[in-house]
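Engineer:
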Amino acid sequence: MQLSLGPVLYNWAPERWRDFYFRIADEAPVDVVSVGEVVCSKRAPFFAEHLPDVIERLQQAGKQVLLGSLILVSLRRERRQIEELCASDNGLVEVNDLTCLRSIRGRPHAIGPYVNIYNETSAAFHVQQGATRICLPPELPLSSAAVIAAAVPQAVVEMFAFGRVPLAIAGRCYHARLHKLSKDNCRFVCEKDPDGLALKTLDQQDFLTINGVQSLSHACTNLIGDIAALREAGIGSLRLSPQDCDMVAVARTFRDVLDGRGSAEEASGRLAELYPGVAFANGFLRGQPGFSFAHA
Amino acid sequence: MELICPAGTPAALRSAIEAGADAVYCGFNDETNARNFPGLNFSRDELRKGIAFAHDRGARILVAINTFPRASATALWQRAVDDAVEAGADALIVADIGLMDYVARRHPNQRLHVSVQAAAANPDVIAFYVETFRARRVVLPRVLSVVEIAEIIRETTCETEVFVFGGLCVMAEGRCSLSSYATGKSPNMQGVCSPASHVAYEETAQGTTSRLGGFTINRFAPQEAAGYPTLCKGRFSTALGDGYIFEDPVSLDATTLLRGLQSAGVAALKIEGRQRGRAYIESVVRHFRRALDTLEDGSEADIVSLKPFTEGQASTLGAYRKTWR
Amino acid sequence: MSHSSVASRPLPTIPPLLTLAIRPLPLLPLQLVLGGFLQRILRRNPGLLDRLGEHRYARFGIKPVDLPFAFIVEAAPPRLLVVRELPQGLDARVSTSLANLLALVEGRVDGDALMFSRQLGIEGNMEAVLALRNAIDDAGLDLPGELASLFGPLGEPARRSFELARDRLTGPPEEER
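Protein chains in written order, with our numbering: chain A, 817 to 1112; chain U, 86 to 410; chain L, 7 to 183.
1. With respect to the alpha helix (DSSP H) encompassing residue 39 of chain L, which residues constitute its N-terminal and C-terminal limits?
2. Measure from the C-beta of residue 62 of chain L to each C-beta in chain U and report whether the shortest distance is under 8 Å.
3. Closest to residue 277 of chain U by CA distance: which of U:258, U:211, U:247 is it?
4. For residue 1038 of chain A and residue 1098 of chain A, what's the separation of their Cα atoms in angstroms?
5. Select from the region 1027–1041 of chain A all residues with a C-beta closer than 8 Å to any C-beta belonging to chain U, and list them in chain order.
6. Measuring CB atoms only, is the region 154–162 of chain L touching the region 84–98 of chain L, in the sense that at least three cross pairs come out at less than 8 Å?
7. Is the Cβ of residue 79 of chain L closer than 8 Å to any Cβ of chain U?
8. Would you please verify whether the beta carbon of residue 57 of chain L is less than 8 Å from any beta carbon of chain U?
9. Determine the direct distance from the alpha carbon of residue 135 of chain L to that of residue 293 of chain U, and round the result to whole angstroms.
10. Using the beta-carbon count (16 or more within 10 Å), is residue 151 of chain U buried or exposed?
11. Mind listing the chain L neighbours of residue 255 of chain U? Cutoff is C-beta to C-beta under 9 Å, in chain order.
12. Less than 8 Å between CB atoms is the rule here; does residue 214 of chain U satisfy it with respect to chain L?
13. With three or more beta-carbon pairs closer than 8 Å as the criterion, would you say the region 148–165 of chain U touches the region 111–127 of chain U?
14. Nearest to residue 1020 of chain A by alpha carbon, out of U:322, U:287, U:181?
15. Please tell me whether residue 102 of chain U and residue 144 of chain U are closer than 8 Å, where the distance is taken between their beta carbons.
16. By the three-class DSSP mapping on this structure, what secondary structure does residue 975 of chain A have?
17. Hey, how far is the Cα of residue 78 of chain L from the Cα of residue 101 of chain L?
18. Identify each residue in the region 328–340 of chain U for which the Cβ-Cβ distance to at least one residue of chain A is less than 7 Å, and report them in chain order.
19. Could you tell me which residues DSSP pairs with residue 111 of chain U in its beta bridges?
20. Quick check: is the beta carbon of residue 263 of chain U nearer than 8 Å to any beta carbon in chain L?
21. Three or more C-beta pairs closer than 8 Å, one from the region 24–35 of chain L and one from the region 54–62 of chain L: is that the case here?
22. Which residues mark the beginning and the end of the alpha helix (DSSP H) in which residue 1053 of chain A is found?
23. Take the Cβ of residue 198 of chain U as the centre, count every other Cβ of all protein chains shown within 10 Å, and call the residue buried at 16 or more, exposed below.
24. According to DSSP, simplified to helix, strand and coil, what is residue 242 of chain U?
25. Residues of the region 990–1002 of chain A in Cβ contact with chain C at a cutoff of 8 Å, in chain order, please.
26. Just tell me which of U:300, U:349, U:318, U:366 has its CA closest to the CA of residue 1018 of chain A.
27. Along the chain, which unbroken stretches of the alpha helix (DSSP H) at least 4 residues long are found entirely within the region 114–189 of chain U?
28. Where does residue 128 of chain L fall in DSSP's three states?
29. Applying a beta-carbon distance threshold of less than 8 Å, which residues of chain L neighbour residue 284 of chain U?
30. Does residue 912 of chain A come within less than 8 Å of chain U when only Cβ atoms are used?
31. In this structure, how does DSSP classify residue 270 of chain U when only helix, strand and coil are distinguished?
32. Going by beta carbon distance, what residues of the same chain come within less than 7 Å of residue 863 of chain A, once the five residues before and after it are set aside?
33. DSSP three-state label for residue 156 of chain L, please.
34. Would a C-beta distance cut-off of 8 Å place residue 764 of chain A and residue 827 of chain A closer than the cut-off?
35. Can you give me the C-alpha to C-alpha distance between residue 940 of chain A and residue 970 of chain A, rounded to a whole angstrom?
36. Using the C-alpha atoms, what's the distance from residue 61 of chain L back to residue 43 of chain L?
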């Protein structure tokens, strides 16, 4: 089974962002790395100057590079970005919005977790259009994933296996709203929260994480105890989503379990040390509330 | 501009048409549509009768089959499509790409509308739906401003339908798993957002607390106006302060923007609320019928307030005027 | 259409003095009349049970906040109890003024709108409440008509007195504008 690293979803300082990927290239046992700003088109220019270096370093290290597209595309400038992305030959485009399809269909591409593929007929449609990899929506239960994986054996089917899970995307920026700023004049306040901004209930229960226009879970997805079931379901790749923690160590922990070194239980304990203070969740996999966590 | 109105029951369908709807949208009483609520929606027989009632009065029926079919159960959704076509539906409102493909192949002459749940937010993706599935109309997501809508219309051949009243998705439609994170039930899969089965109200001296899947969503003082127990319109707590972090409990009311939407070239105006009662349907439909008629003949609108029907007893122009941009 | 919406304004409540005056009245006669009424409505509107689905077996507590008693209603088998206080263990409770209750039953107000303006309180199994609301809204119940049919030859006088009483409480149906 492959390990893939999803794009950094938070607004990290550009140098930190670059150095993160350099270290991933040099040290992380992942097969596939998805790069690019997918959350907010306003952030993209900051990373643009480092992107070629990052891609080159990853490819030299033998990683397959995916170029993530923006999740919500509405502005003219965003549509132009999509067009340029789909025309580039730096790597496989990871489609996060169907806007890409018009220009990319017929050519090989990947489908990211933001595209609604809930069943085998949609998966087959996308494979027909040229999809070779499909990262399924995080809320999809394993029973559905298994049916999909069986229906499109020619594609690598991936599931979201580590990290706070993306739950929603909006036109409006909640970081800006909280800081009483307009979206156009946001002063990039989201950079203050490299692991997102915690949102609790009025009773101070941990609940969600705000990341600009994106809302994620508070809990961190952890499927390390479900690897046997994922394998059996025909899942070909596990996605690790970068959090503000040692992602190289997270990748190694997953790799160890995939390669049969050590138990899932120990590995889960290790993940809890690497990303402390955040509850784990895997409920979506069982068709349960996403925040819930059950040991396999 | 056409007036497209919701109906969750046959009685509501009749009310909507009598109040001046050009078309009514509705769904089957199962998980194939995004308002899969207890006691709501249409049996096959009720749909056939509803279509006959509408056609007798020159109105049309659009059938929403706009959830994403469950893997290995796609036949259930395909049967919904077949039955709606058979019953004489004037259009199908579909979100799933596999199901659109099915409609385009199996029923090539059936009018296909792209559901708001597909969140088609720009001309390129709309063109994709038109070219691939011969979609005739797209229901635009509620993240666009009137200016952006006008731009889209300039660049597309597809008819556009926009929401003018009712519940407002704060997040991009069809791309939100907040409800399933808290409850295990999602709009995309089960056709429910913040399902009644997981909602609890608790009355205390401080007022009413609403909970969803065990998470506190809001707390209302005794006389304070309330909204649906949806996550995106709840009160929460952050290091920067407490309150309505995503959106206040408000409903969309675009009555004052009708002229702008008309000049933008919008083909149809949609009222949200298949889960609402006949009283809502009657009042809201009549309000917009009158507003549209006065728009056509240039007379002054004598329009009653729809405030009592709105969440939080307040309305917003939503993304149509992006004050937050 | 029988009536148009009355939801554009809040409905009045029964004056406290009147509430006080009816407090000592015995409940059994009321229970017998209303129980018969419920049976008749369910018989004449079979669609109600269909829409209630599994929730037809639920026990609903209905509390008119301006009356000194409350109702426990079950649809299958049809049963209506009049009680001073609602007991524990009901599936769902609905509380609102009598005027709102009548308007809801006749589909003249929107339940969600009443909830938003805090004129309607609901607790318990929300699915059951929704199913009940949707079933009733679709049935398009004509309370005066149902009442008239219950009273046989005295139907017309019964209808007229009910309408008079209701309209005094809720105001007459609005004119078609």
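All C-beta atoms in this analysis are idealised placements derived from N, C-alpha and C, irrespective of residue type, glycine included. Small disclaimer: the values here were computed from a predicted structure and weren't measured.
Structural biologist: Per the coordinate set shown:
1. Here residue 39 of chain L corresponds to residue number 33 of the third sequence, with the count starting at 1. For residue 39 of chain L, the uninterrupted alpha helix (DSSP H) segment begins and ends at 34–50.
2. Taking the first residue of the third sequence as 1, we reach residue 62 of chain L at position 56. Answer no: the Cβ-Cβ gap between residue 62 of chain L and chain U never drops below 8 Å.
3. Start at 1 with the first residue of the second sequence, and residue 277 of chain U comes out as number 192. Ranking U:258, U:211, U:247 by Cα distance to residue 277 of chain U puts U:258 first.
4. Along the first sequence, read from residue 1 onward, the residue named residue 1038 of chain A stands at position 222. Along the first sequence, read from residue 1 onward, the residue named residue 1098 of chain A stands at position 282. Using only the alpha carbons, I get a separation of about 6 Å.
5. For the region 1027–1041 of chain A, which is checked against every Cβ of chain U, the residues closer than 8 Å are 1031, 1033.
6. With the cut-off at 8 Å, the region 154–162 of chain L and the region 84–98 of chain L do not touch.
7. Position 73 of the third sequence, counted from the first residue, corresponds to residue 79 of chain L. Output row for residue 79 of chain L: interface = no.
8. Working through the third sequence from its first residue, we reach residue 57 of chain L at position 51. When Cβ-Cβ separations below 8 Å define contact, residue 57 of chain L makes contact with chain U.
9. Taking the first residue of the second sequence as 1, we reach residue 293 of chain U at position 208. Taking the first residue of the third sequence as 1, we reach residue 135 of chain L at position 129. Their Cα atoms are separated by approximately 17 Å.
10. Residue mapping note: residue 151 of chain U aligns to position 66 of the second sequence, counting from 1. So residue 151 of chain U ends up on the buried side.
11. Counting from 1 along the second sequence, the entry for residue 255 of chain U is found at position 170. Using a Cβ-Cβ cut-off of 9 Å, residue 255 of chain U is close to nothing in chain L; its nearest Cβ partner there is about 17 Å away.
12. On the second sequence, position 129 is the one that residue 214 of chain U refers to. So, not an interface residue.
13. As far as the Cβ criterion goes, the region 148–165 of chain U touches the region 111–127 of chain U, which means the pair count is three or higher.
14. Position 204 of the first sequence, counting from 1, holds the residue named residue 1020 of chain A. Measuring C-alpha to C-alpha distances from residue 1020 of chain A to each of U:322, U:287, U:181 identifies U:322 as the nearest.
15. Within the second sequence, the letter at position 17 stands for residue 102 of chain U. Within the second sequence, the letter at position 59 stands for residue 144 of chain U. Yes, the Cβ-Cβ distance between residue 102 of chain U and residue 144 of chain U is below 8 Å.
16. Taking the first residue of the first sequence as 1, we reach residue 975 of chain A at position 159. Residue 975 of chain A: strand per DSSP, three-state reduction.
17. In the third sequence, the residue the question calls residue 78 of chain L occupies position 72. In the third sequence, the residue the question calls residue 101 of chain L occupies position 95. Going from the Cα of residue 78 of chain L to the Cα of residue 101 of chain L covers about 12 Å.
18. Taking 7 Å as the Cβ-Cβ cut-off against chain A, the residues of the region 328–340 of chain U that qualify are 330, 331.
19. To locate residue 111 of chain U, count along the second sequence from 1; it is residue 26. Answer is U:148, bridged to residue 111 of chain U.
20. Along the second sequence, read from residue 1 onward, the residue named residue 263 of chain U stands at position 178. Not flagged as an interface residue toward chain L: residue 263 of chain U, since no C-beta distance is shorter than 8 Å.
21. Judged by Cβ distances under 8 Å, the region 24–35 of chain L makes no contact with the region 54–62 of chain L, as fewer than three pairs qualify.
22. The sequence position of residue 1053 of chain A within the first sequence is 237, counting from 1. Judged by DSSP secondary structure, residue 1053 of chain A falls outside any alpha helix (DSSP H) and instead within the beta strand (DSSP E) spanning 1053–1056.
23. The sequence position of residue 198 of chain U within the second sequence is 113, counting from 1. So residue 198 of chain U counts as buried.
24. Translated into positions along the second sequence, residue 242 of chain U becomes position 157. Collapsing the DSSP output to three states places residue 242 of chain U in coil.
25. Included in the structure are the protein chains A, U and L, with no chain C among them.
26. Taking the first sequence and counting its residues from 1, one reaches residue 1018 of chain A at position 202. Checked all of U:300, U:349, U:318, U:366; the closest Cα to residue 1018 of chain A is U:300.
27. Unbroken alpha helix (DSSP H) stretches of 4 residues or longer found wholly inside the region 114–189 of chain U: 129–141, 159–172, given in chain order.
28. Mapped onto the third sequence, residue 128 of chain L falls at position 122. Three-state DSSP puts residue 128 of chain L in a strand.
29. Counting from one through the second sequence, the residue named residue 284 of chain U turns up at place 199. Per Cβ cutoff of 8 Å: 132.
30. On the first sequence, position 96 is the one that residue 912 of chain A refers to. Chain U has no Cβ within less than 8 Å of the Cβ of residue 912 of chain A.
31. Position 185 of the second sequence, counted from the first residue, corresponds to residue 270 of chain U. Residue state for residue 270 of chain U is assigned as coil, using DSSP reduced to three classes.
32. Position 47 of the first sequence, counted from the first residue, corresponds to residue 863 of chain A. Closer than 7 Å at the Cβ level, and outside the excluded window around residue 863 of chain A, lie 830, 833, 853.
33. Residue numbering aside, residue 156 of chain L sits at position 150 when the third sequence is read from its first letter. Here residue 156 of chain L sits in helix by DSSP.
34. Residue 764 of chain A lies beyond the stretch modelled for chain A, which goes from 817 to 1112, so this question has no answer here.
35. One-based indexing of the first sequence puts residue 940 of chain A at position 124. One-based indexing of the first sequence puts residue 970 of chain A at position 154. One C-alpha to the other measures close to 10 Å.
36. Numbered from 1 along the third sequence, position 37 holds the residue referred to as residue 43 of chain L. Numbered from 1 along the third sequence, position 55 holds the residue referred to as residue 61 of chain L. If you take the alpha carbons of residue 43 of chain L and residue 61 of chain L, they lie about 20 Å apart.
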